[in-house]
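Report on the following structure.
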Amino acid sequence: MLDGVCWAVARPLGIGRKHFAVEVGNLDVVAKMEGTATGIEPLIDAIEAAILGDGTSRLARLSAGQRAWPIALAWAARDQECRFDDVLDWRSSASGSDAPQPASGDAKGPRLLAMRAFLNAITDEEQAARRGEQDLASQLDQAKRQRSFLEWDQARRVERLVRDLGLGDTSLPDMPLLLDSLKSAAKEKLAAVTRLPSGVGAELDDARRTLQDARTTLRNLELKAAELDARLPLEEKLLAQMSSEIPGLSAAAQSAASQVCPICEVPIDTALAEGCKLSHKLPDQAQCRARLEAKREDIDTQKNEIAGIKDEIGALKPAIALASQTAKQAEDRVDRLEKAADARNTSWRTATRGVEDVQRAAEIVDEVARAEAAIRKLEDALQGTREQLRGFEDKQAKAIGAVSQKFSAIIRRLLGEDAKGFVRLTGKGLEIAVEAGGDRRTAAIQSLKVLAFDLACLCLSVEGRTRIPAFLIHDSPREADLGQTIYDEHFRLLHELEEKLAGLTFQYLITTTTRPPHDVNIDPWRRAVLRGAPGRDRLLGCDL
1 MLDGVCWAVA RPLGIGRKHF AVEVGNLDVV AKMEGTATGI EPLIDAIEAA
51 ILGDGTSRLA RLSAGQRAWP IALAWAARDQ ECRFDDVLDW RSSASGSDAP
101 QPASGDAKGP RLLAMRAFLN AITDEEQAAR RGEQDLASQL DQAKRQRSFL
151 EWDQARRVER LVRDLGLGDT SLPDMPLLLD SLKSAAKEKL AAVTRLPSGV
201 GAELDDARRT LQDARTTLRN LELKAAELDA RLPLEEKLLA QMSSEIPGLS
251 AAAQSAASQV CPICEVPIDT ALAEGCKLSH KLPDQAQCRA RLEAKREDID
301 TQKNEIAGIK DEIGALKPAI ALASQTAKQA EDRVDRLEKA ADARNTSWRT
351 ATRGVEDVQR AAEIVDEVAR AEAAIRKLED ALQGTREQLR GFEDKQAKAI
401 GAVSQKFSAI IRRLLGEDAK GFVRLTGKGL EIAVEAGGDR RTAAIQSLKV
451 LAFDLACLCL SVEGRTRIPA FLIHDSPREA DLGQTIYDEH FRLLHELEEK
501 LAGLTFQYLI TTTTRPPHDV NIDPWRRAVL RGAPGRDRLL GCDL
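In the working numbering, the protein residues as written are 1 to 544.
Shown next, in the form of structure tokens:
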């Protein structure tokens, strides 16, 4: 039931299953978990609107789309893993509760703002001022980073100027007179570079053309020599082939002068005298001698060709050596002229950069001055905003004072009439202290502070002075943390509070592994006794 309206809600104990929250719904239908899931968000929105109010999320300054009720629930249901060691520690990440920010994490500022919103201890004007404070703080950080960068840039440029201008061993004045000295030295160096001869460019172009021509000549000679070197073995092989034909031709000519029949090997004279029955055709002696002489002439011609190739190869060697030397000299000249040109260009670039660095360093001086003026302005504005926030905090002293009043009363009830406690809202956060024979900061007192603070806020909720319901869960505060006497007195205090309220409603749940006092360890206050085993003694009556 929520504000007189019945909701049908089904939440499965598992991941990836359907959740249902249906206003004026049928629980039997919803329990079947059929159809399209609604999620739990409709119920959370309804609870937030009915209990916390529409403005709470805005006052708690939550991120877009974040709801305030899960955060209020995280405070109202602290988990055991936080060990009750701080008022603003609600849910430990080790508990696996998936509590939303700012219900967990190291940044406690958002939790304090949410708590103040739940306690009616913050206004829209203060939140606007806090947003302004954040904006100013961000702008101030940016301005300081910009100033640091400018100072680093200026120091880097000045260091480079002193090195490039050769002033490292010179006694130099401080800023801003140092800039005047650097500016004068930079201009002198630029003027000296300007007076350097500028004809290197034309000479370098001529030298590069000469080098190109020398390389072309050398390459052509080397190609021709390579061609001749490849041709010579072929010509020599051809000469060898031609020479190998001479013996055959000579033998043929000799045979033509004193011929023997090639068929029967009978001298021709005998064959003519007696008659040859096989052949009447004989070799022509003149023709054989003509072929022999022609071959000898071809051999002489081939020998002359080979001799010419060798002579040409021999003539190319000194020409190649001379061309190589000419190309090397041209390369050396180009290299020398390029180094001279590079030196002049480097000197020119260094000199012009020096003038530019001096000019930029002078500009940085003005920029640093403007940045410092902006920083002072932002610091003044931030200081004014923080004073305004302290004023808002003073205005909320009444709301925080009501918490402090009840907190002190609870401390006296638990520790004795000589004890007292107080809660203050300071610029650093929420200050909670207990005095009992001096400022007490033991582990037991730290746990007691958390329990007493929550109970004080519960009392304010009973009176309708907060935006959260009078509902609280404390998960296993241990007797070892509080001490047996304080532990027992804590239960009796709640019992007494229930009797004195006489009809006003609140709900307080406490889980514990330590036996409570016997007068409250009975019905109707003891709602359940649970054990880890067997499964039927667990919370849901079974071992999940």
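A virtual CB, placed ideally from N, CA and C, is assigned to each residue, including glycine.
Under the three-state reduction of DSSP output, D206 falls in the helix class. The beta carbon of D153 sits closer than 7 Å to the beta carbons of I364 from its chain, once the five residues preceding and following it are set aside; these are given in chain order.
Counting only the Cα atoms, R360 lies some 11 Å from L150. Note on geometry: alpha-carbon atoms of P534 and W90 lie some 31 Å from one another. Cβ neighbours of I44 within its own chain (closer than 6 Å, five residues either side excluded): R67 and W69. When the beta-carbon positions are compared, A185 and L165 come within less than 8 Å of each other. DSSP places R215 in the helix class (H, G or I) of the three-state scheme.
Runs of beta strand (DSSP E) with 3 or more residues, each lying fully within the stretch 400 to 454, are found at 420 to 426 and 429 to 435, listed in chain order. In the DSSP assignment, Q139 falls within the alpha helix (DSSP H) that extends over D124 to D164.
Take R157, set aside five residues on each side of it, and the residues of its chain with a beta-carbon closer than 7 Å to its own are D357, R360 and A361, in chain order.
Counting the other Cβ atoms within 10 Å of the Cβ of G354 gives 16 or more, which makes it buried. Your pair R467 and L52 checks out as a contact, with CB atoms roughly 5 Å apart and the cut at 8 Å.
Here I364 carries a helix assignment [DSSP, helix/strand/coil].
Residue pairing by DSSP puts T511 in a beta bridge opposite D475. Taking a cut-off of 8 Å on C-beta distances, the stretch 123 to 132 touches the stretch 390 to 400, as three or more cross pairs fall below it. The beta-carbon separation of L140 and L378, rounded to 4 Å, stays under the 8 Å limit for a contact. Pairing R11 with M33, the inter-Cα distance amounts to about 9 Å. At the C-beta level, R492 and P524 stay beyond 8 Å of one another. In its chain, beyond the 5 residues on either side, L119, V423, A456, C457 and L460 have a beta carbon closer than 7 Å to the beta carbon of V403.
Membership of W75 in any beta strand (DSSP E) is not indicated; the residue belongs instead to the alpha helix (DSSP H) covering W69 to A76. The criterion of a C-beta distance shorter than 8 Å is satisfied by D3 and A50. Taking C-beta atoms under 8 Å as the contact rule, H19 and G39 qualify, at a distance of about 5 Å. Taking C-beta atoms as the reference points, R145 and E372 fail to come closer than 8 Å. Collapsing the DSSP output to three states places A10 in a strand. Bounds of the beta strand (DSSP E) holding E23 are F20 to E23. In the DSSP assignment, V5 forms a beta bridge with L2. Of all alpha-carbon atoms in I510, L73 and S95, the one lying nearest the alpha-carbon of E81 is that of S95. Between V462 and D519, the alpha-carbon positions lie close to 24 Å from each other. In this structure, DSSP gives K32 a state outside helix and strand, which the three-state scheme calls coil. Excluding its 5 nearest sequence neighbours in each direction, M1 has C-beta neighbours in its own chain below 8 Å: W7, listed in chain order.
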